[in-house]
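2 protein chains.
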Amino acid sequence: MEIKSVVTALAALAQESRLAIFRLLVQTGPEGLSAGKISETLGIPPSSLSFHMKELAHADLVSSRQESRYVIYSANFRTMNELLGFLTENCCSGKPCKPTATSDCAGIEETQA
Amino acid sequence: MEIKSVVTALAALAQESRLAIFRLLVQTGPEGLSAGKISETLGIPPSSLSFHMKELAHADLVSSRQESRYVIYSANFRTMNELLGFLTENCCSGKPCKPTATSDCAGIEETQA
DNA sequence: TCCATGGTTCAAAGATTATAGAAATATAAA
DNA sequence: TTTATATTTCTATAATCTTTGAACCATGGA
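Line by line, the protein sequences give chains A and B.
3 is the number of the first residue of the first sequence in this note's numbering; add one for each residue after it.
3 is the number of the first residue of the second sequence in this note's numbering; add one for each residue after it.
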């Protein structure tokens, strides 16, 4: 994972609303949630939510699909795992503590490649 | 780890200079590096560096100690591991993928508690 | 004590990000 | 086609973050 992407992903998660959104989507799994449902659940006004979703999507941490008149968002587990891999290898003990962490959670619920 | 602390830590790392600084300190290990050395190595002006170090220290990602007339900074592995633990448990697969990740790198080079 | 070196704080300017109502767009039901 | 619903884009404002020179403080050697 490139440094720029890492910084972008970290920045996307470094905001209370967005971290909450992402956690909610992770809990929900691949089926995802509509924008309205997220908005309602977390009490974030639609236009603000849209702003944050764009940020998360830009960091490739979430994907969206249109479903009838709803837009469904879901977490990108792959990206999150790549981020965790980078942090573990580069920001944990210097010499990569590879043995485990990096790919533990990968492949559990991969939605889209 | 509290949400606020998580957001603070993520924000501290979500900036190119600071991520570079932190990575450098992780590589260096508990012995740490002086402000001047970091400044020189990464080509960051002293006053800018000081600003970023304060940010990292506030997130408890680094500690500093005075050593003669130098200020030595070192990475806080403990905090980084806590952050990784939070992200793994809350932002990886929803139901925590505990088996590994969380504490793999802990205890390798813990400097100060 | 005086000077040199290492670092931080101050201050001011610029850049980026966040917030949220209002308007616009899209889908689908009546 | 009109209407209602779901979501995004636009716009303006506010807030926060970044950058860095200059001034200041601390430590140690001459």
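Every residue gets a Cβ at the ideal spot worked out from N, C-alpha and C, and that includes glycine.
- Around A13/A, the beta-carbon contacts reaching into chain B at under 7 Å are A16.
- In the three-state DSSP reduction, I5/A falls in the helix class (H, G or I).
- Taking C-beta atoms as the reference points, F79/A and L58/A fail to come closer than 9 Å.
- If you check each beta-carbon in the segment 75-97 of chain A against every beta-carbon of chain B, the ones closer than 9 Å belong to A77, F79, M82, N83, L85, L86, L89, T90, N92, C93, C94, S95, G96, K97.
- Counted as a single uninterrupted DSSP element, the stretch harbouring E91/A is not any beta strand (DSSP E) but the alpha helix (DSSP H) occupying residues 79-93.
- If you draw a 10 Å sphere on the C-beta of T43/B, you find fewer than 16 other C-beta atoms in it, and that means exposed.
- Using a Cβ distance threshold of 9 Å, L27/A and L12/B do not count as a contacting pair.
- Q17/B sits in coil when the DSSP states are folded into three classes, being neither helix nor strand.
- Annotation for S66/A: the continuous beta strand (DSSP E) segment containing it runs 64-69.
- Inclusion of L51/A and L15/A in the CB contact set at 9 Å is not warranted, their separation being larger than that value.
- When Cβ-Cβ separations below 9 Å define contact, I46/B makes no contact with chain A.
- Runs of the alpha helix (DSSP H) lying entirely within the segment 17-42 of chain B and spanning at least 4 residues, in chain order: 18-30.
- E4/B and S19/A have their C-alpha atoms some 15 Å from each other.
- Beyond the five residues adjoining it in sequence on each side, L35/A comes within less than 8 Å, by CB distance, of L26, L27, T43, I74, Y75, S76 in the same chain, given in chain order.
- With respect to the C-alpha of G38/B, the residue from P48/B, T30/B, A22/B, Q29/B having the closest C-alpha is P48/B.
- Exclusion of the five residues before and after Q68/A leaves I74 as the residues of its chain whose Cβ lies within less than 8 Å of its Cβ.
- When the five nearest sequence neighbours on each side are left out, the beta carbons in the same chain lying within less than 7 Å of the beta carbon of E84/B are those of M3, in order along the chain.
- Looking at H54/A, Y72/A, S7/A, A61/A, the one whose alpha-carbon comes closest to that of E33/A is Y72/A.
- Between S66/A and N92/B, the alpha-carbon positions lie close to 21 Å from each other.
- Per DSSP, I46/A has no beta-bridge partner at all.
- Relative to the Cα of L89/A, the nearest Cα in the group A22/B, S70/B, I46/B belongs to A22/B.
- Listed in chain order, the non-local C-beta contacts of H54/B below 8 Å within the same chain comprise Q17, S19, R20, I23, I46, local neighbours out to five positions each way being set aside.
- Within the same chain, Cβ atoms closer than 6 Å to the Cβ of A61/A are found at T10, A11, A14, the five residues on either side in sequence being excluded.
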